[in-house]
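Structure first, then comments.
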Amino acid sequence: PLISWWGGVQMGPPDPILGVTEAFKRDTNPKKMNLGVGAYRDDHGKPFVLSCVRKAEELITAKHMDKEYLPIGGLGDFSKCCAQLALGADSEVLKSSRNITVQTISGTGSLRIGANFLARFHGGPRDVYLPKPSWGNHTPIFRDAGMQLKAYRYYDPSTCGFDFKGALDDISKIPEQSVIMLHACAHNPTGVDPKPEQWKEISDLVKKRNLLVFFDMAYQGFASGDIDRDAWAVRYFIEQGHNILLSQSFAKNMGLYGERVGGFTVVCNDTEEAKRVESQLKILIRPIYSNPPMNGARIAATILNTPDLRSLWLEEVHFMANRIIKMREQLVAGLKKEGSSHNWQHVIDQIGMFCFTGLKPEQVERLTKEFSVYMTKDGRISMAGVTSANVGYLAHGIHAVTK
Amino acid sequence: MSVFGDVPLAPPVAVFKLSADFREDGHPQKVNLGVGAYRTDDCQPWVLPVVKKVERLIVEDAGLNHEYLPILGLPEFRSASSKVALGDGSAAIKDGRVGGVQALGGTGALRIGAEFLRRWYNGVNNTATPVYVSAPTWENHNSVFADAGFKDIRPYHYWDAAKRGLDLAGLLDDLEKAPEHSVFVLHACAHNPTGTDPTREEWKQISEIMKRRSLFVFFDSAYQGFASGDLDKDAWAIRYFVSEGFELFIAQSFSKNFGLYNERVGYLTVVARDSENLSRTLSQMEKIVRTTWSNPPSQGARIVSKTLNCPELFAEWKSNVKTMADRVLLMRDQLKAKLQALGTPGTWDHITQQIGMFSFTGLNPKQVEYMIAEKHVYLMASGRINMCGLTTSNIDYIAQSIHDAVTKVQ
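Read top to bottom, the protein sequences are chains X and A.
If you count the first sequence from 1, position 373 lands on 373 in our numbering, and the numbers rise without skipping.
So the number in our numbering is just where the residue sits in the second sequence, counting from 1, plus 1000.
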């Protein structure tokens, strides 16, 4: 037959974020700026391979290791230091071995394994509560895994800050045993994080509501420049008795994007429970990809477990975070210089790779059409795409469309 | 009280448990004929010389970074993978109706294909569409399709234990009786676990029925090159079906033929009626990938891509593959010869008639237990052995062990 099996397959919508990069590539304006996708760029706008990564690669090459399959749960050395990085070396959870941590395909893979696990084993409601807004891919990940999505208030557009009252109000109404997703630090896409006192109240309320906490930590170290500070909320919740689910990514903080390095952790009551959970995670993982890729995990483990490289890494993470912070300050200074009468404090208050500028869709469209500044429609810019060479131009463009 | 209080302890995956038991065994003559990875005659893993060479090139290339790959994978890897499967002169490729998805190993390719079929194959909900897998088959096939949402996974006749060969009549009968539009998972070559492949004439018969009855062809190709030592020979069935006009999927693995097991290099080749259908299909596969792993790992794809796209490296790779395939063929010859010399009851022709990494010895579960417990020779309960576990040093011991198992245990 000359008809196709796929005649009824609809064209999938283009990915909104990647679509931005496609349009950017086509633009011939020499001043064009890509503030779309969240990958770190150095002050020359170039991808940055960390020195600690290059050094780790040399060490690994010299070892002439074989390429045998990893276990389903991944490289043991990696899982251990991945958990330690998040929970802290002196964590009671680690000492009692009541966590299970598996290597995953970066943050996405981690979230998907977690979502699949919840769909299969969580006895509570099918609903996962996301902050409004959240990373665009959270929703389809949970949906494809068989969960349902709801939201709690998070971003306050009138202040470009945290809607603390709204969040508490919504969380207080979430049915018991539902799953609540929290961004550990450097909220994506807003860059708005709760302050420690606010985290404490959230923790108390979540405990009262008996909710299952799922932390997404994609930016540890990258937010403030300090890995312990960025993990504070995660560690506080655990101390408060929440047995959390945790997704970690090493895409940004080690610049290992394409190597797909991540971890998924379940904090359990005890070792026995952790073993049962581990066995089920393996059953979920095997029919997706059998076992994870070695290269990135080996690099990450080498860095974390080699004192010199670990120190170097901490310096480099600090350096990346600082450059972002500097760009934020320069952007605000630039806007002031342009004569903007708006309050741009939120650009400095927000943290991490992204900034929710507060620009409306029409203003975003003008910024793109008239100035070739590419960003997502929600007004989000990736600060990583800002350099000392182009921050003035960006300030000029933003002022032009907002004055 | 824990949310996970009711989570049951799952049984371990058999093939990995076997390896774990082997590791714990202290017996000096222990042999692992379980998991499917190539071993040299010194029983060591083998990183292909061409892979070592290419890895050095990659590490030394200061122009390379670790940025995200596109969702569907590294472009040069994608085109090279389709070419390896379908051949340089493929008309389908020239027609622009071949594309695909870089995936995490053969497993990942199967899963993306399965997820797509469940959503889009025959209407928009294929949970009830029957999926047929061979009896026996790689045990993960069942889980891949089940977890992708298919509720009706059925066996098709394949292995004839009595004659230790292909049950062609049973297979053809299942094809005739399967509901139209059923999905069939076919092993392109070196069937896992039996090592028994249809002949070319038999493939033609299979193809005729599948075309007539509108059955969907999903090839699993994990051993191209590794089976006969010849890439084109091992791809004959795939290319025949494509030339017969089928729209089909091919889940390719580069784990074995590149020895890149732990870098998870695989590819789902999609052959569609035309480029328009292909592009809509790939756009939907992109959505599936995005919620599974976002984009694939770069290291393994770079190694394979550099190798396949450079004539000298490609030639070197083919020769490395032939080295592996030849060693397996040699072990097959020698094992059969030794069993015959020992006068081991039964026929052992199947050892050399079967092809690829695995051999279905015909040993029954009791005999397998004996092999493990008494001889410390580890193999799967099905009687499957990994030929790569045989070496010139251990082949006599293994032959003797099989002989003892067959004569002492019924």
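We put the CB at the ideal spot given by N, CA and C, even for glycine.
| Item | Value |
| --- | --- |
| In the segment 130-143 of chain X, which residues sit with their C-beta less than 7 Å from some C-beta in chain A, listed in chain order? | N137, P140 and I141 |
| Return the residues of the segment 295-318 of chain X that lie within a Cβ-Cβ distance of less than 8 Å from chain A, sorted by chain order. | N295 and G296 |
| Using a Cβ cut-off of 7 Å (strictly closer), state whether L1069/A contacts chain X. | yes |
| Determine, using beta carbons only, whether G1195/A and I1372/A come nearer to each other than 7 Å. | no |
| For A1405/A, does the three-state DSSP call read helix, strand or coil? | helix |
| Under 6 Å from any heavy atom of the ligand ATP, does the C-beta of W5/X make it? | No copy of the ligand ATP occurs in the structure displayed, which carries no ligand at all. |
| Can you tell which of G385/X, I283/X and K377/X has its C-alpha closest to the C-alpha of R328/X? | G385/X |
| Alpha carbon to alpha carbon, what distance is there between T159/X and I288/X? | 43 Å |
| What does the Cβ neighbour count give for R54/X, buried or exposed, with the cut at 16 atoms within 10 Å? | exposed |
| For L168/X and P1011/A, I'd like the C-alpha separation in whole angstroms. | 42 Å |
| Using alpha carbons as the reference points, say which of G339/X, A297/X, H44/X and D90/X lies closest to A56/X. | A297/X |
| Starting from V1031/A, find everything on chain X with Cβ-Cβ shorter than 8 Å and list it in chain order. | Under the 8 Å cutoff, chain X gives no residues; its nearest Cβ is about 17 Å from V1031/A. |
| In the DSSP assignment, the beta strand (DSSP E) including V391/X goes from what residue to what residue? | Note, V391/X: premise wrong, no beta strand (DSSP E); alpha helix (DSSP H) at V391 to T402. |
| Would you verify that the beta carbon of Q280/X is, or is not, closer than 7 Å to some beta carbon of chain D? | Note that chain D does not occur in the displayed structure, where the protein chains are X and A. |
| How would you call L1074/A, buried or exposed, if buried means at least 16 neighbouring beta carbons within 10 angstroms? | buried |
| Tell me which residue opens and which closes the alpha helix (DSSP H) that K369/X is part of. | P361 to F371 |
| Under 8 Å, CB to CB, which of the residues in the segment 1280-1302 of chain A have a partner in chain X? | R1280, T1281, S1283, Q1284, E1286, K1287, I1288, R1290, T1291, T1292, W1293, S1294, N1295, P1296, P1297, S1298, Q1299 and G1300 |
| Taking CB distances under 7 Å as the criterion, tell me whether H1192/A reaches chain X. | In the sequence on display, residue 1192/A carries Asn and not His. No, N1192/A lies away from the interface with chain X (no Cβ there is under 7 Å from its Cβ). |
| In terms of DSSP beta bridges, what is P411/X paired with? | There is simply no residue 411/X to check, as chain X begins at 1 and stops at 403 in what is shown. |
| Nearest chain X C-beta to L1260/A closer than 7 Å, yes or no? | yes |
| Tell me whether I285/X is buried or exposed, calling it buried when 16 or more other Cβ atoms sit within 10 Å of its Cβ. | buried |
| Closest to K369/X by C-alpha separation, out of F222/X, Q330/X, R26/X and G45/X, would be which residue? | R26/X |
| So is N34/X buried or exposed if we call it buried at 16+ other beta carbons inside 10 Å? | buried |
| For E278/X, tell me which candidate among P13/X, I72/X, L59/X and N29/X has the shortest Cα-Cα distance. | I72/X |
| K207/X to E197/X, Cα distance in whole Å? | 16 Å |
| From what residue to what residue does the alpha helix (DSSP H) around Q345/X run? | Q345 to D349 |
| For R323/X and S1090/A, I'd like the C-alpha separation in whole angstroms. | 51 Å |
| Can you tell me where the beta strand (DSSP E) with Q248/X in it begins and where it stops? | L245 to S249 |
| Going by C-alpha to C-alpha distance, which of V1265/A, S1279/A and R1264/A sits closest to V1271/A? | S1279/A |
| With H, G and I counted as helix, E and B as strand and the rest as coil, what does DSSP make of I381/X? | strand |
| Could you tell me which residues DSSP puts in a beta bridge with N34/X? | Y374/X |
| I105/X: buried (16+ other C-beta within 10 angstroms of its C-beta) or exposed? | buried |
| Would you list, in sequence order, the uninterrupted beta strand (DSSP E) runs of no fewer than 3 residues that lie entirely inside the segment 137-225 of chain X? | 148-153, 179-183 and 212-217 |
| Looking only at DSSP bridge pairs, what is N1032/A linked to? | Y1378/A |
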